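*Asks:* Here you go, one structure.
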Amino acid sequence: MSIQELPFTYLNELAKQIMFISSFLGGFSIVILATLIVSQPHSKLKKWLILTSAVSTVAFITSLFLMTKVLLITTEGSIIEYTKASLGKTRTIGGLAFFLGLTTIFISVGISGWLVSKRLGVITTILAIIGFVIIYSFT
391 MSIQELPFTY
401 LNELAKQIMF
411 ISSFLGGFSI
421 VILATLIVSQ
431 PHSKLKKWLI
441 LTSAVSTVAF
451 ITSLFLMTKV
461 LLITTEGSII
471 EYTKASLGKT
481 RTIGGLAFFL
491 GLTTIFISVG
501 ISGWLVSKRL
511 GVITTILAII
521 GFVIIYSFT
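In this text, residue positions in the sequence shown follow our numbering: the first is 391, and each later residue adds one.
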């Protein structure tokens, strides 16, 4: 069964879950971003952390809005006009944005420890890699 053939009830529930996770992690990312921007000094690592937090924030917000559209289309009684192709495109781009957000938030976690010390950097990098591998091996 291809994704295009999935029942609307399944796509609707999937969109709800991605929206919930995206809103939570997007909010988390924007708080980190705001905190980093106002803190001083701006080392090379901190600039990378700001960049990955910004990408994560934008990706999660994009995913949230696109999955909201999927939710609205797949809700029973919806009056929104769509084609299978446009629904598939919206769902695909929303899903890719979600996974981009996850990837960059793990990169942010990996980078964060290096701002404090080499030892903490190694630990946060290992934790980020473990989390990344676990999540991507089950999705």
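Here a beta-carbon is modelled for each residue, glycine too, at the ideal position from N, C-alpha and C. Here the structure is a predicted model, which means the values were calculated and not measured.
For Y526, name the three-state secondary structure that DSSP assigns.
*Replies:* In this structure, Y526 counts as helix in the three-state DSSP scheme.
*Asks:* Is the region 508-519 touching the region 466-483 in the sense that three or more CB pairs, one from each, lie closer than 8 Å?
*Replies:* Verdict: no, contact absent.
*Asks:* Under 8 Å, do L441 and M409 count as touching if we go by C-beta distance?
*Replies:* No, the Cβ-Cβ distance between L441 and M409 is not below 8 Å.
*Asks:* Please classify G467 as buried or exposed, where buried requires at least 16 other C-beta atoms within 10 Å of its C-beta.
*Replies:* Exposed, by the Cβ-count rule.
*Asks:* Enumerate in chain order the residues of its own chain whose CB-to-CB distance from S419 is below 7 Å, with the five nearest sequence positions on each side excluded.
*Replies:* S443, S446, T447, F450, I495, listed in sequence order.
*Asks:* Would you call I497 buried or exposed, if buried means 16 or more other Cβ atoms sit within 10 Å of its Cβ?
*Replies:* Answer is buried; the Cβ neighbour count reaches 16.
*Asks:* Closest by CA to F414, which one among K508, F488, I501?
*Replies:* F414 has its Cα closest to that of F488, out of K508, F488, I501.
*Asks:* Would you kindly check if the distance between the Cβ of L435 and the Cβ of W504 is under 8 Å?
*Replies:* In this structure, L435 lies closer than 8 Å to W504 by Cβ.
*Asks:* Buried or exposed for R509, please, with buried defined as at least 16 other CB atoms from any protein chain shown within 10 angstroms of its CB.
*Replies:* Result: exposed.
*Asks:* CB-CB under 8 Å to G521, same chain, minus the five flanking residues each way: which ones, in chain order?
*Replies:* So the qualifying residues of the chain are F496, V499.
*Asks:* Taking DSSP as the reference, what is the three-state secondary structure of E530?
*Replies:* Any answer about residue 530 is impossible in this case: the structure gives the chain only from 391 up to 529.
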